[in-house]
Amino acid sequence: MAGRTILISGGGIAGPAVAYWLQRYGFDCTIVERSAAPRAGGHAVDLRGASPWVVERMGLLDAVRARSLHERGLRMVDARGTKKVEMPAEAFGGRGVVADIEILRGDLAGILADATGDDVEYRYDQRVVGLEQDGDGVHARFSSGDEQRFDLVIGADGSHSTVRRLSFGPESRFSHPLGAYNAHFSISPELAAASGLDRDSSDDWFTIHNAPGRRMVGTRPDRDGGVKAMFIFGAEGVDAGVLRDPVEQRRVLRERFAGMGWKTPALLAAMDMADDFYFDSYAQVKMPSWVNGRVALLGDAGYSPSPASGQGTNLAIVGAYVLAGELALTQGDPAGLTEYEGAMRDYVERNQKLMPGGVDIMIPRSAAAIRMGHVLNRVMLSKPLRPLVARAFAAEDPFTPREYPDQLADAASSN
Ligand SMILES: Cc1cc2nc3c(=O)[nH]c(=O)nc-3n(C[C@H](O)[C@H](O)[C@H](O)COP(=O)(O)OP(=O)(O)OC[C@H]3O[C@@H](n4cnc5c(N)ncnc54)[C@H](O)[C@@H]3O)c2cc1C
């Protein structure tokens, strides 16, 4: 094969997934990951679209199901915690807000990393700091001071990708903010109890509470009996510099969500004790091309659809499968990267389309709009409409990736 050594920046979802397929096809993969160790837990992601099909081909669907969260569905409550809407996960054929398969991002990343086996080299606590390519390969420099040549480089380092910045240009050219911020953190069972957030069976739901002024608070069950907390709010009036200042992030949250009902005060009180506080803006990554010579972007780095879409994990896993398959077909020639882009472009663009109303549907402006949302959801769930909505969801995603023959892997291993 012309391109045998491949550097992958990012050991999240897309990185290990593409390494899994590339090593099966006979490529030598090195993954650099900036975290010091694999990160467990994190937020819940869902396997939608074609991704369960890919995960099944990897032989990992049972492992994923065994680790999944078993959320019962989405529940909307008012300020007193009174139920307004209940959308079971199985409504709409498992394609609603809560999908058939929900799993913590860290658990999925761990399953994928374990599946890559010993042939893939993982270098933790390390970043790419320089990339220079010529006709034959790419010279990479690392934060450790090491330097190494690779035949190809894949940037799977998330929506704030370093590979994208080094090989394509600054983030501001490609990242399109959607006008909202989101914060997530985990609350251990002990902290939940101490904060007055004792879990009961009703907490097996993804529960959300909206308040006027574009604010949403939510809780999801954690696998250990704890709680995952989430806050989403409109970006108006908040300086973008907040993204660089974790102290300010917490202050803004407390200010924005002051006076909100349901469990909001207890969740805010628990926030300061959480050790995995995460804050970012909702944004989509849109690029004219994900390929520059011997460097390609994969997953959120090239085409994050934003957490608002629920499709990021799907695109990362399907993209990994297609990218590796095309490189196998072209025997590692950079032309395979262009083929990957051609095969994925339409699927990505369809999955970046948000539901009508976009983020505004998630964080309505007024009390009337919140009530209207509850009514609309109840209508969608009504007996006559439910099957029609399910069919509309199913028709949204007709993409079936090409079946890259398993013989490719067999041929590679006998070379
Ligand atoms: C709060 C939140 C909620 C979400 N909810 C959903 C959901 O419900 N459904 C869904 O499908 N998707 C959801 N997503 C999106 C989903 O997590 C991503 O789309 C998916 O994980 C994409 O995988 P990835 O591997 O491309 O990126 P990531 O999972 O972000 O992985 C990138 C990896 O690169 C590493 N990295 C970053 N920079 C560097 C560097 N310079 N050098 C080396 N390593 C680096 C990071 O540490 C990380 O491990 C959500 C995302 C967030 C943030």
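What the sequence shown shows, in numbering that gives the first Met the number 0, is residues 0 to 414, in sequence order. Here a beta-carbon is modelled for each residue, glycine too, at the ideal position from N, C-alpha and C.
- For Y24, the three-state secondary structure derived from DSSP is coil.
- Per DSSP, E340 is one residue of the alpha helix (DSSP H) stretching across A334 to N350.
- A direct Cα-Cα distance of roughly 30 angstroms separates F276 from V119.
- Nearest C-alpha to L6 among L68, V127 and D61: V127.
- Residue pairing by DSSP places Y123 opposite E32 in a beta bridge.
- Cβ contact annotation for A282 (same chain, cutoff 8 angstroms, sequence separation greater than five): S158, S174, H175, P176, L177, S303 and S305, in chain order.
- With contacts defined as CB atoms closer than 9 angstroms, F256 and F278 fail to qualify as a contacting pair.
- Beyond the five residues adjoining it in sequence on each side, W261 comes within less than 8 angstroms, by CB distance, of V76, D77, A78, R79, G80, H208 and V216 in the same chain, given in chain order.
- Counted as a single uninterrupted DSSP element, the alpha helix (DSSP H) harbouring Y320 occupies residues G311 to L328.
- Ranked by Cα distance from D359, the options G212, T115 and A182 are led by G212.
- Shortest gap from the CB of G157 to any heavy atom of ligand 1: under 8 angstroms.
- Annotated three-state conformation of R213 is coil, per DSSP.
- N291 is the residue among G236, N291 and F26 whose C-alpha sits nearest the C-alpha of D133.
- Your pair Q147 and A155 does not check out as a contact, with CB atoms roughly 18 angstroms apart and the cut at 8 angstroms.
- When DSSP states are grouped into helix, strand and coil, M259 belongs to the coil group.
- Distance from the C-beta of M229 to the nearest heavy atom of ligand 1 is below 8 angstroms.
- The beta strand (DSSP E) runs of length 3 or more contained entirely in the region 152-205 are, from start to end of the chain, 174-186.
- Around the Cβ of A295, a 10 Å sphere holds 16 or more other Cβ atoms; the residue is buried.
- Comparing C-alpha distances from A182 to each of R249, D124 and G311 shows the shortest one belongs to R249.
- Sequence-distant Cβ neighbours of A18 in its own chain, meaning closer than 7 angstroms and more than five residues away, are I7, C28, I30, T115 and V119.
- Placement of the Cβ of Y19 at a distance of 8 angstroms or more from every heavy atom of ligand 1 is found.
- The beta carbon of H373 sits no closer than 8 angstroms to any heavy atom of ligand 1.
- The beta-carbon separation of G372 and M343, rounded to 33 angstroms, does not stay under the 8 angstroms limit for a contact.
- The closest heavy atom of ligand 1 lies 8 angstroms or more from the beta carbon of P51.
- Cβ atoms of S308 and L375 stay farther apart than 8 angstroms, at about 19 angstroms.
- A366 counts as exposed, since fewer than 16 other beta carbons sit within 10 angstroms of its beta carbon.
- A distance criterion of 8 angstroms places the beta-carbon of Q310 in contact range of ligand 1, judged by its closest non-hydrogen atom.
- Note that the C-beta distance between T218 and L266 is below 9 angstroms.
- Here the C-alpha atom of V63 lies approximately 11 angstroms from the C-alpha atom of M57.
- Residue pairing by DSSP puts N291 in a beta bridge opposite V294.
- For ligand 1, a non-hydrogen atom lies closer than 8 angstroms to the CB of D279.
- Taking C-beta separations shorter than 6 angstroms and ignoring five residues to either side along the sequence, the partners of G14 in its chain run I7, I30 and A155, following chain order.
- One Cα belongs to I12, the other to A108, and the distance between them is close to 5 angstroms.
- The region 309-316 and the region 37-49 touch, with three or more beta-carbon pairs separated by less than 8 angstroms.
- Between the C-alpha atoms of P51 and L60 there is a straight-line separation of about 7 angstroms.
- Each of G129, L151, R122 and D197 was checked against the Cα of G136, and the nearest Cα belongs to L151.
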